[in-house]
Amino acid sequence: MLRGAAQAPGAPLPQLHENRCPTDPSSPVSPRPPTGMMHIGTARTALFNWLYARHTGGKFLLRIEDTDRERSTAEAVQVIFDGLKWLGLEADEAPVFQAGRADRHRAAVDQMLARGSAYRDYMTPEELEAERELARAEGRVIRSPWRDLSPNDAPDRPFVVRLKAPLDGETVIDDQVKGEVRFQNQNLDDLILLRTDGTPTYNLAVVVDDHEMGVTHVIRGDDHLNNAARQTLIYQGLGWAAPVWAHLPLIHGPDGAKLSKRHGAQAVSEFDAMGYLPEAMRNYLAKLGWGHGDDEIFSDEQAIAWFDIKDVVSAPARLDWDKLNHLNNHYIRLAEPARLAGLVVDIHKSRDLKVREAALPVLERTIPLVRDGAKTMLELADATVFVLKHRPLELPEKVQGLLTEETRGRLSRLRDRLADEADWAVPALEQSIRGFAEAEGVGIGKFGPALRGVLSGGSPAPDLAGTLVSLGKDESLGRLNDALSDGA
RNA sequence: GGUCCCUUCGUCUAUCGAGUUAGGACGCCAGGUUUUCAACCUGGAGAGAGGGGUUCGACUCCCCUAGGGACUGCCA
């Protein structure tokens, strides 16, 4: 939905409350090749934009900022789409590719040139470098001599087009989370709008696209706060009204430093691979930098109803794995077993474990029994391997050590009792086991560990009755028989 | 170097000048429960970076210092 560039200067912002999600199609850290990842910080920015759009009834828009052609690849873009989809944040309209709008960007620059709010700068790279050093030494911003020269003096050589920013006065950003931020214009340089090859730069493209896409609220990372001032100057140069700004604090690693590889993960795909559920990520990310009183766990609907940019915290937050795990566990307990079973199968398969179709229902009835302790889907997968093993099970030494003469006798008597059990369900089996212990005149501790070991092959398993139910009567008895006949 | 942002328990945060032992959550510690690992129950320790102001009164407003961070590209 392009509104066209012809909006009158100073006209009121449309009441659409549209947002955009600024997204980097390539890695901001390593120049090339694109690392093809969607940073967790980008994901949270997207989440806040999404929450705000849903809350206000506006639109959640996606724009791929690929004005740097070299670093933008189809794969990198796909990673972004996949990441947003996994997180459950899909844009309301087709994504806009910035690179495809270069003509609009250039048209805007023509306007500025005509209005005198931009100029051609013929400085050579060497001259620029010298000026940069000098400016830094003098503690000021770069200034080009071409700013005030007449076009008639133009030499015949490549040029960039720069913004002709005001030299004095101040630019005030009324940021929704930072409050009023003031910049002295003398500290703001004439940023490049068009490169030597005529292609638009990011700062120009963002302004033009936001304006023409009808973006009213720009919610983005803290790292753009300085840019907001400079972009405001571009809006002024174009005679357009600036949008409402909201700059989110960054997410740091557990140690407070910038989030990086050594913190475990930075890409949303990695969180997926580590077994985190998207709804847990949404809840966690929402709580990171925003909150609604003491509410810790909430649904998307609640988050949407409660979300307000003004409640966003202004300090950077650290990624806390313990808390993420806790939330993930909470959502694993809430999820449909069938869905979890599917995810668990995928994990087992990726670990080269053969999973037959018939295992799905078995998994489905096992999951509710073992999910309470699972912090991630990976752990849930670990907790369910016992059910997927093939007979005869290999018993680890620890289990074999439990199988003394006495215990074997006991287990065999228990086997007979279980074989007669008609009601193969947790309550009945619990009673049966307890009754058996009584009949034997011993505590469950006398045979429980051995029974568990025989049934699970030493892998983690739920309580005894649960394990029996998970396995089913035939498989349980079979495993018992295997162990009792083996070496007997 | 310059500009800008940030600073409450270990972590995320509540408290939006005067009802507080500064609340909650995760984590942690202790105890309970117990057929593994968990889960679960009970209890506990734990914070306003430092220094100045403003005010009858400050965690809350202002200034300074310290410490973190972002930007300072013909990257985004």
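Add 291 to a position in the first sequence, counting from 1, and you land on the number used in the numbering used here.
No residue lacks a Cβ here, since even glycine has one placed at the ideal position from N, Cα and C.
Subject >> For residue 746 and residue 770, believed in contact at Cβ under 8 Å, the rounded distance >> reply: 5 Å
Original post:
Is the distance from the Cβ of residue 619 to the Cβ of residue 575 below 9 Å?
Top reply: yes
**OP:** Please confirm if the segment 445-462 is in contact with the segment 471-487, defined as three or more CB-CB distances below 8 Å between the two stretches.
**Re:** yes
Subject >> Status (buried if at least 16 other CB within 10 Å, exposed otherwise) for residue 557 >> reply: buried
Original post:
Whose CA, out of 333, 342, 660, lies closest to the CA of residue 599?
Top reply: 342
Subject >> Identity of the residue in 358, 521, 510 nearest residue 392 by Cα >> reply: 358
Original post:
By the 10 Å Cβ neighbour count, where 16 or more other Cβ atoms means buried, how is residue 534 classified, buried or exposed?
Top reply: buried
Subject >> Beta-carbon gap between residue 653 and residue 329 smaller than 9 Å >> reply: no
Original post:
Thinking just about the alpha-carbon of each residue, which of 487, 413, 422 is nearest to the one in residue 443?
Top reply: 413
Original post:
What separation, rounded to the nearest whole angstrom, lies between the Cα atoms of residue 624 and residue 634?
Top reply: 14 Å
Original post:
How big is the Cα-Cα spacing for residue 433 and residue 447?
Top reply: 23 Å
Original post:
Got a sec? Which residues, its chain only, sit under 6 Å from residue 676 by beta carbon, not counting five neighbours each side?
Top reply: 750
Original post:
According to the Cβ coordinates, are residue 516 and residue 463 closer than 9 Å?
Top reply: no
Subject >> Simplified DSSP assignment, three categories, for residue 646 >> reply: coil
Original post:
Under a three-way DSSP split, which group does residue 379 fall into?
Top reply: coil
Original post:
So the alpha helix (DSSP H) residue 724 belongs to, where does it begin and stop?
Top reply: 717-731
Subject >> the segment 726-741 contacting the segment 688-696, beta-carbon criterion three pairs below 8 Å >> reply: yes
Original post:
Residues in its own chain within less than 7 Å of residue 606 by CB, not counting five upstream and five downstream?
Top reply: 540
**OP:** Put residue 472 into one of helix, strand or coil per three-state DSSP.
**Re:** strand
Original post:
Does DSSP classify residue 681 as helix, strand or coil?
Top reply: coil
Original post:
If we count Cβ pairs, one from each stretch, closer than 8 Å, do we get three or more for the segment 752-763 versus the segment 714-722?
Top reply: yes
Original post:
Using 8 Å as the Cβ pair cut-off and three pairs as the minimum, do the segment 375-389 and the segment 340-355 touch?
Top reply: yes
**OP:** Inspect the CB distances between the segment 489-501 and the segment 393-400 and report whether three or more fall short of 8 Å.
**Re:** yes
Original post:
Hey, how far is the Cα of residue 617 from the Cα of residue 567?
Top reply: 11 Å
Original post:
Hey, how far is the Cα of residue 324 from the Cα of residue 390?
Top reply: Caution is warranted here: a pLDDT of 28 is assigned to residue 324, below 50, making its placement in the model unreliable, and no coordinate value can be reported.
Original post:
Hey, how far is the Cα of residue 697 from the Cα of residue 767?
Top reply: 21 Å
Subject >> Straight-line gap, residue 543 to residue 370 (C-alpha atoms, nearest Å) >> reply: 22 Å
Subject >> Best match in 671, 732, 665 for proximity to residue 637 [C-alpha to C-alpha] >> reply: 671
**OP:** Taking residue 377 as the reference, give the member of 555, 569, 331 with the closest Cα.
**Re:** 569
**OP:** Name, in chain order, the residues that DSSP records as bridge partners for residue 462.
**Re:** 474
Original post:
What distance in whole Å lies between the Cβ atoms of residue 622 and residue 571, which are believed to be in contact at a cut-off of 8 Å?
Top reply: 4 Å
Original post:
What are the start and end residues of the alpha helix (DSSP H) that includes residue 538?
Top reply: Looking at the DSSP string, residue 538 is not in any alpha helix (DSSP H); the run it does join, the beta strand (DSSP E), is 535-539.
Subject >> Minimum C-alpha distance to residue 588 - residue among 375, 334, 639, 615 >> reply: 615
Subject >> Three-state class that DSSP yields for residue 410 in the structure shown >> reply: strand
Original post:
Quick one, which of 755, 774, 710, 725 has its alpha-carbon nearest residue 764's?
Top reply: 710
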